[in-house]
Each structure stands twice: as structure tokens, then as C-alpha cells.
Amino acid sequence: MELHKETLLNSVKVHIDSTRKKIQEKLEDVRFLANRTLAQFNRLAPEDQMAQMHITLNAQTRVEELVHLESSPYFMKCDIINEEGEHKTYFFGKHEFTEESIYSWIAPIAAIRFENPGVTSFKLPTGEIKPVTIKQKEQYMIVDGKILFFSIESQDHPRELIYQDHFTKQKSEFALPEIVAQMEKAQDQVIRASHKGPLVIGGPAGSGKTTLALHRVAYLTQAPETSEFYPPKSIIVFVQDAGTKNYFGTLLPGLGIHDVQITTFSEWAFSILGLNEYVYQERYGTTDEEKDLYEYHKIRALREGSISTWNQNVYVTLNTQYKNYFSKSDEDLFNKQKQENALDRFDITILLTSYFEKHQKFEISKTYQTFIKGKQVEKTRTTDIQYSLIIIDEFQNYLPEQLRIINKTVNQETQSSLYVGDIGQQVKLGTIKEWSQINEVIISERNIRLNKVYRNTKQILAFIQSLGYKVEIPEGLKEGLPVVEKIFSSAKEEIDHIKKIIPDYERGTIGILSKHDSHLIPFKEEFKNNKNIHVLTMLESQGVEFDLVVIVGMDKESLKVTHHLDALPEHIAERKLMQKDLLYVALTRAITELHVLGKDKLSDIIVS
Numbered sequence: 004m005e006l007h008k009e010t011l012l013n014s015v016k017v018h019i020d021s022t023r024k025k026i027q028e029k030l031e032d033v034r035f036l037a038n039r040t041l042a043q044f045n046r047l048a049p050e051d052q053m054a055q056m057h058i059t060l061n062a063q064t065r066v067e068e069l070v071h072l073e074s075s076p077y078f079m080k081c082d083i084i085n086e087e088g089e090h091k092t093y094f095f096g097k098h099e100f101t102e103e104s105i106y107s108w109i110a111p112i113a114a115i116r117f118e119n120p121g122v123t124s125f126k127l128p129t130g131e132i133k134p135v136t137i138k139q140k141e142q143y144m145i146v147d148g149k150i151l152f153f154s155i156e157s158q159d160h161p162r163e164l165i166y167q168d169h170f171t172k173q174k175s176e177f178a179l180p181e182i183v184a185q186m187e188k189a190q191d192q193v194i195r196a197s198h199k200g201p202l203v204i205g206g207p208a209g210s211g212k213t214t215l216a217l218h219r220v221a222y223l224t225q226a227p228e229t230s231e232f233y234p235p236k237s238i239i240v241f242v243q244d245a246g247t248k249n250y251f252g253t254l255l256p257g258l259g260i261h262d263v264q265i266t267t268f269s270e271w272a273f274s275i276l277g278l279n280e281y282v283y284q285e286r287y288g289t290t291d292e293e294k295d296l297y298e299y300h301k302i303r304a305l306r307e308g309s310i311s312t313w314n315q316n317v318y319v320t321l322n323t324q325y326k327n328y329f330s331k332s333d334e335d336l337f338n339k340q341k342q343e344n345a346l347d348r349f350d351i352t353i354l355l356t357s358y359f360e361k362h363q364k365f366e367i368s369k370t371y372q373t374f375i376k377g378k379q380v381e382k383t384r385t386t387d388i389q390y391s392l393i394i395i396d397e398f399q400n401y402l403p404e405q406l407r408i409i410n411k412t413v414n415q416e417t418q419s420s421l422y423v424g425d426i427g428q429q430v431k432l433g434t435i436k437e438w439s440q441i442n443e444v445i446i447s448e449r450n451i452r453l454n455k456v457y458r459n460t461k462q463i464l465a466f467i468q469s470l471g472y473k474v475e476i477p478e479g480l481k482e483g484l485p486v487v488e489k490i491f492s493s494a495k496e497e498i499d500h501i502k503k504i505i506p507d508y509e510r511g512t513i514g515i516l517s518k519h520d521s522h523l524i525p526f527k528e529e530f531k532n533n534k535n536i537h538v539l540t541m542l543e544s545q546g547v548e549f550d551l552v553v554i555v556g557m558d559k560e561s562l563k564v565t566h567h568l569d570a571l572p573e574h575i576a577e578r579k580l581m582q583k584d585l586l587y588v589a590l591t592r593a594i595t596e597l598h599v600l601g602k603d604k605l606s607d608i609i610v611s
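One point on numbering: in the working numbering, the residue at position 212 of the sequence shown is 215, and numbering is uninterrupted.
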């Protein structure tokens, strides 16, 4: 290593060590405030207890921030000259630590980190433009106090790599990548866009749209100019399933977001309607043909008939809605539903609409802690539902009627709805196809379209292309292993094959995907103790990626769409397209390696 690079590196190491020590000292002080015991609360006067509880909660949040900073204090340093001619040094990190001139990435001045050295400016929340001259920029990647990357650039010298740790690390967590330090200027501008009005972040899988959306939530809840409008408790995030819910629940605290409600549409509906004794089932029936036809008839009942009057006995409401549209086999399925206390997405959409037409509002009960005569007690209050911000992940999977229901609960002054997904990727019947269906007008500058960041290998994309999909294969894409297709007659043979390839992915993520959840039962049992293996349906895999993907249970019946006489022609065409899109979702989950197992090859399945 050249002498000047080693000198620079050692200087940064000394500063990091010194900064971490001061953060650790601050952490001990804040932990003392955060760990106030209940006995200490009880010794306070009642009028002081709530104030002390607020202080303690703030301290607990600050502890989490300082823990993150202790590991990675900052990722950028800018030496500037301000308009008064003063020389200033700013460090930018995930959270602020102003004692050492570390400012959060959401601070207005943090936007200069995307500019080249020289004369530039940033905007204050008041709209005032502040000119500055960037003399020098330094960029870092710091993990557990260790420098993994360090570069420097100035007005006099181009960007120069000072140090880069040579390491290989495969993912071992089922989580989205962190982009605060690596985000581009255009992404930062999306995050800082005006908080008023609907915003769409669209793009295919792998484009980073969900990560970008969550960073916008972090910005709105933390930036001084917007935080008063977006207290975390007034924000709701709609996700697809329990797995995604848990996954968001671990990601958001790392961005400093707490108390945001993360839920699925069905959970939210059940809570509002008080349906705790019922179970949610995405689709109902035995075969795909039976499920499809049942859904076709429910779609017609939802859209062609007026909504029936709300009845506390929900099956009375639903029976009235469906009676003119159901065949005898539909009625049998519906009776089976009633016996099992099951409801699907069409049922809960009708019930929510009926409930709202009667009450003209949605309410929810919440529990909270308070003190009465020196004792901590739990109480319940019922409040009208109104959210300052609504985030809908994979919005293209929602019925237009569901999105209209959700939008009834957003604050009407700001209309802050954030739609995340790809409206061109339809994998469920009856879902939204254009914004006019929900009376939403998305102006062009607030309809953000991200391009796919191809993380797949050239071999995976070439295989997908060979199946007839329009897939771009960029130049310079990484090489990988050939796609493996094997013919197996049973799940046991497929499991044996997977066991043979697992050792190559001890630290990587593995996704086992199938069209049918029933085919996955033995796989879930076999691999339930391996945290790196995730067994999902193709639909559930939407929005996540794995180092290795194994698609199992493929045969000529997997993507077949039956031409039933009772199904409308447009529904048949829609279902065919959905099957193809669903397979595309599964194939593109693979980053490094793809195996396809089953009774038939995909080329034969798609042709048939």
C-alpha cells in the first residue's frame, strides 16, 4: 500500500475509534434513562409519571440509534466552505450524533453528498437555497467499527480508492439490502418529494422499489419539516403475508421507525369487523378450475350487483350478495366455507364495503398504558380510523374495490398514499389494471418507474428468454452455472436432490417454490429447522430473492387453464396471462443458481 494511502487510512481509523468511544459513553448515559424501573415511576407524583414515561420511551429509541451508530458511525464526510466563508466538516450517518458533527441522512444538508466537489447548494425546509463549496468528499463502509471501503475525491483530485477489504460474504438473512449509504441522487430526490398527494414507486422485481419506499417512510417520520404530520402510530403498511410482515418488522427499526402498523389486508379487515373467530383463506376450492370458477362468479357478484345491507351475521350479508350469481356447485362450496368459518378476499371486500355503507366510517379499539393512583393499568379506547400515510406493497395484487376501501381511511388533507409494485404484473384474478378504477390521478412526476437491477446470472436470464419471455440480457452480466432441469416423479425425489445441493449454500439463502401449497407440505416439514431455506408458493415469493431457487412440482397441469363454459372469455385470457406471469415471478427469484424439478420440463409445459 502506498504511504499516503496508509497514512489516510490510519487517520480515519483513529477518528472512528475516538468517535465510537464517545458514542459508547453516551450510550451508557442514555441506557440509564431508558432503564428506569416501575418502582422508580411509582415514587413519582402521578402528574410526573406520564412525563417520565415519555422521557423513558424517547431514551429507549435513542439507545437503538446509538447501538447502530456504535457499529457504523457514518458513511460520508464532506469538507465544505459555507456562504460566510467558514470551513466546516460534516459527517453523514443513519442517525445523528451532533457532538461529533454527525448528521442524519435525512438532514437537508445531507443532500450535498451526491454532488461533485465544487460549488453546489442545498434547500432548507423553508425553501431557502444555501450555497456551499465542497472541497473534499470521503466515502466509507464501516461495519462493527472496521473499515471495509474508503475512497476520497476533491476539487483538485479525481475519485481515488484508498482501501477496500477483500472479502466474500453471502447473505444469511432473509432481508432487503440497506441502501442509505449507497442510494443515488435520483433515489434521494424520490424520498424527499413533497409529502402531499399519492406517490407510485413502480418497477419489476429486483429494482429496489420496496427498499426505497421504506426509506421514504423513515424520512417522513424523522425530517423536521414532515415529522409533525406523520407520527409513526398514524402510519400503516399493507403487506402480502405473515412472512413479509415479520420481515418488514425487523427492517423498519433499523431505519429508526417504530410503532408503525404492519398488517395484511385480511388481518386489518378482520380487526375492523370483529371477525376473530373466522379464518382467512386466499382461494377456496379443491382444483384450480373449481377455485377459478368460484372466483369468477364472486367477481361478477361484487361488480354487477349492489352491495347487500350489513348484517352482523356475515354469511347472511354474503348469501344475499351471491345468491343470483352462484351455481349449485358454488352453493356447495359456500356452505362448506360457512361450516369452516372461512372467508376469502372477495368476501371480506364485500363485508367491508357493506359495513362502511351503513356506518360511514371504520373504527378500531386500541389498548394503552396509563397510571391511576400510582398503579400502571391497561385501558381500551375506540377511535375512528384515519391514517396520515398508507403504504401498499405489491398494490397490483389488490382488487380495485379493496384499494378504494383503504383510501377511505387516509387523511383527506394530505392524501398521502404510497403505492409500491408493478401494475403490469398480474398474478391474481380481478386486480387493478389502471388508476382510473380507483379514481386516483397520479401525475407523471409522482409516478416513479425504477429499472430492474439485474442480479441474476446470464445463464438464468437466457433460460427465461428461451421459454418465450421478453427478457433483456445486459452486456457484462455475471456468468453463472447452467440452469438445472430434472424429471422426478415424487416430492421425495425432489427433496433428495435438494439435500445434495444444500452444502454449497451453507451461508446463502435458498428458496423452494411451487405453484401449489399442498405440494410444499413435505418440504416445509423436511427443512423446518434450516433458517436459510424458505419454502413458499410462487405467489408468496413475489418481491423477494434467493441465492438458489428450486422450483418443484412442475407438470403439464401446473399452468393449465380450463375453458369452462361458465367463465367469461376475458377471464380465461386473464387467467392464462396470470399463469405465465406467476411462473416468471418464480424464475426471477433466483440470483445465482436455478433448479427446476418435476414430472415435465418447462418448455413442454408452456407449449401445451
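All C-beta atoms in this analysis are idealised placements derived from N, C-alpha and C, irrespective of residue type, glycine included.
Note that the structure is a prediction, hence the values are computed from the model and not measured.
Contact belief for residue 263 with residue 220 at Cβ below 8 Å, rounded distance in angstroms: Residue 263 sits at position 260 when you count from the first residue of the sequence shown. Residue 220 sits at position 217 when you count from the first residue of the sequence shown. Their Cβ separation, rounded to whole angstroms, is 7 Å, which keeps residue 263 and residue 220 in contact under 8 Å.
Assumed close pair residue 95, residue 113 - CB separation to whole angstroms, cut-off 8 Å: On the sequence shown, position 92 is the one that residue 95 refers to. On the sequence shown, position 110 is the one that residue 113 refers to. Sure, about 5 Å apart at Cβ, within 8 Å.
Identity of the residue in 352, 158, 146 and 129 nearest residue 401 by Cα: Position 398 of the sequence shown, counting from 1, holds the residue named residue 401. Of the listed residues, the one whose Cα sits closest to residue 401 is 352.
Alpha helix (DSSP H) segment containing residue 14, residue limits: As a working mapping, residue 14 is identified with position 11 in the sequence shown. Segment 6-37, the alpha helix (DSSP H) holding residue 14.
Beta carbon of residue 333 nearer than 8 Å to that of residue 297: Position 330 of the sequence shown, counted from the start, is the residue given in the question as residue 333. Position 294 of the sequence shown, counted from the start, is the residue given in the question as residue 297. Yes, the Cβ-Cβ distance between residue 333 and residue 297 is below 8 Å.
Contact check, residue 430 vs residue 581, beta carbons under 8 Å: Mapped onto the sequence shown, residue 430 falls at position 427. Mapped onto the sequence shown, residue 581 falls at position 578. Yes, the Cβ-Cβ distance between residue 430 and residue 581 is below 8 Å.
Coil, strand or helix - residue 514 by DSSP: Walking along the sequence shown from the start, residue 514 turns up at place 511. Residue 514: strand per DSSP, three-state reduction.
Cα-Cα separation between residue 359 and residue 307, rounded to whole angstroms: Taking the sequence shown and counting its residues from 1, the one referred to as residue 359 is at position 356. Taking the sequence shown and counting its residues from 1, the one referred to as residue 307 is at position 304. Whole-angstrom Cα-Cα distance: 19 Å.
Length-filtered (3 minimum) beta strand (DSSP E) runs lying within the segment 262-300: 264-267
Closest residue to residue 27 among 102, 46, 55 and 607 (Cα-Cα distance): Within the sequence shown, residue 27 is the residue found at index 24, counting from 1. Ranking the options by Cα distance to residue 27, first place goes to 102.
Residue 462 burial status per 10 Å Cβ neighbour count (16 or more: buried): Counted from its first residue, the sequence shown places residue 462 at position 459. Buried, because 16 or more other Cβ atoms sit within 10 Å of the Cβ of residue 462.
For residue 291 and residue 260, the rounded distance between their alpha carbons: For the purposes of this step, residue 260 is identified with residue 257 of the sequence shown, where counting begins at 1. For the purposes of this step, residue 291 is identified with residue 288 of the sequence shown, where counting begins at 1. The straight-line gap from Cα to Cα measures roughly 41 Å.
Other residues of its chain near residue 440: CB distance less than 6 Å, five sequence neighbours each side excluded: Within the sequence shown, the letter at position 437 stands for residue 440. Excluding sequence neighbours, residue 440 sits near 403.
Supposed contact pair residue 91 and residue 120 - C-beta distance, whole angstroms, cut 8 Å: Counting from 1 along the sequence shown, the entry for residue 120 is found at position 117. Counting from 1 along the sequence shown, the entry for residue 91 is found at position 88. Wrong, their Cβ atoms sit about 15 Å apart, outside the cutoff.
Range covered by the beta strand (DSSP E) that runs through residue 321: The residue you call residue 321 lines up with position 318 of the sequence shown. Counting along the chain, residue 321 falls outside any beta strand (DSSP E), though it belongs to the alpha helix (DSSP H) covering 317-325.
Residue 22 classed as buried or exposed, judged by whether at least 16 other C-beta atoms fall within 10 angstroms: By 1-based counting over the sequence shown, the position of residue 22 is 19. Residue 22 comes out buried.
From 532, 529 and 519, residue whose alpha carbon lies closest to that of residue 586: In the sequence shown, residue 586 corresponds to position 583, counting from 1. Of the listed residues, the one whose Cα sits closest to residue 586 is 519.
Sufficient close CB pairs (3 or more, under 8 Å) joining the segment 533-549 to the segment 474-493: no
8 Å Cβ cutoff met for residue 205 and residue 453: Within the sequence shown, the letter at position 202 stands for residue 205. Within the sequence shown, the letter at position 450 stands for residue 453. Yes.
Through-space distance from residue 294 to residue 357, alpha-carbon basis: Numbered from 1 along the sequence shown, position 354 holds the residue referred to as residue 357. Numbered from 1 along the sequence shown, position 291 holds the residue referred to as residue 294. Their backbone Cα atoms lie some 24 Å apart in a straight line.
Secondary structure of residue 134, DSSP reduced to three states: Residue 134 sits at position 131 when you count from the first residue of the sequence shown. Here residue 134 sits in strand by DSSP.
Beta-carbon proximity of residue 486 to residue 515, cut-off 8 Å: Stepping through the sequence shown from its first residue, residue 486 is reached at position 483. Stepping through the sequence shown from its first residue, residue 515 is reached at position 512. Not closer than 8 Å, so no.
Cross-strand partners of residue 396 (DSSP beta bridge): As a working note, residue 396 is residue 393 in the sequence shown. DSSP output for residue 396 lists 423 as bridge partner(s).
Where residue 355 falls, given that 16 or more other Cβ within 10 Å makes a residue buried: Taking the first residue of the sequence shown as position 1, residue 355 is located at position 352. Answer is buried; the Cβ neighbour count reaches 16.
Short Cβ contact (8 Å threshold) for residue 521 with residue 541: In the sequence shown, counting from the first residue as 1, residue 521 sits at position 518. In the sequence shown, counting from the first residue as 1, residue 541 sits at position 538. No, Cβ-Cβ distance for residue 521 and residue 541 is not below 8 Å.
Same chain, Cβ closer than 6 Å to residue 194, neighbours up to 5 away in sequence not counted: As a working mapping, residue 194 is identified with position 191 in the sequence shown. These residues qualify, in order along the chain: 218, 219 and 222.
Minimum C-alpha distance to residue 32 - residue among 16, 335, 496 and 59: Here residue 32 refers to the residue found at position 29 of the sequence shown. Here the closest residue by C-alpha is 59.
CA-to-CA distance, residue 87 to residue 133, given in whole angstroms: Taking the first residue of the sequence shown as position 1, residue 133 is located at position 130. Taking the first residue of the sequence shown as position 1, residue 87 is located at position 84. Each residue's Cα considered, the two are about 11 Å apart.
Proximity below 8 Å, CB of residue 2 to CB of residue 336: One cannot answer for residue 2 here, as it falls past the ends of the chain, which runs 4 to 611.
Chain-order list of residues whose beta-carbon lies under 8 Å from that of residue 63 (same chain, five-residue window excluded): By 1-based counting over the sequence shown, the position of residue 63 is 60. 37, listed in sequence order.
Beta-carbon separation (whole angstroms), residue 165 vs residue 11, contact threshold 8 Å: Within the sequence shown, numbered from 1, the residue matching residue 165 stands at position 162. Within the sequence shown, numbered from 1, the residue matching residue 11 stands at position 8. 5 Å between Cβ atoms; contact.
Span of the beta strand (DSSP E) around residue 614: Residue 614 falls outside the range modelled here, since the chain spans only 4 to 611, and no answer is possible.
Residue 411, DSSP secondary structure in three states: Residue numbering aside, residue 411 sits at position 408 when the sequence shown is read from its first letter. If DSSP states are grouped into helix, strand and coil, residue 411 belongs with coil.
Own chain, CB closer than 6 Å to residue 554, minus 5 neighbours either side, in chain order: For the purposes of this step, residue 554 is identified with residue 551 of the sequence shown, where counting begins at 1. Excluding positions up to five away in sequence, the list reads 516, 589 and 599.
Three-state class that DSSP yields for residue 90 in the structure shown: By 1-based counting over the sequence shown, the position of residue 90 is 87. Residue state, collapsed to three classes: strand.
Through-space distance from residue 499 to residue 227, alpha-carbon basis: Taking the first residue of the sequence shown as position 1, residue 227 is located at position 224. Taking the first residue of the sequence shown as position 1, residue 499 is located at position 496. Taking the straight line from one Cα to the other gives about 56 Å.
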